[in-house]
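Data block below; observations after.
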Amino acid sequence: MHPNSVAYRLTRWQQLSGADPRTFDGLARSVIACRLTCPV
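And the structure:
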């Protein structure tokens, strides 16, 4: 995957969810939200 694609997707995730996956807090919130909505 191209680095620009990764940067775009991380920025887009932040815009949509309000959580910045580039920080520990934002990443933890994103993981918890995903696990709560789609438990595997």
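Per this note's numbering: the sequence shown = residues -16 to 23.
Using N, Cα and C, we set each Cβ at its ideal position, and we do this for glycine too.
Span separating the alpha-carbon of residue i from that of residue j
i	j	result
Y(-9)	Q(-3)	10 Å
L(-1)	V23	23 Å
R5	C17	16 Å
R(-5)	L10	14 Å
D8	C21	20 Å
L19	H(-15)	30 Å
Inter-residue CB distance, residue i and residue j (contact presumed, cutoff 8 Å)
i	j	result
A2	S13	5 Å
Where the alpha helix (DSSP H) through residue i begins and ends
i	result
V14	F7 to T20
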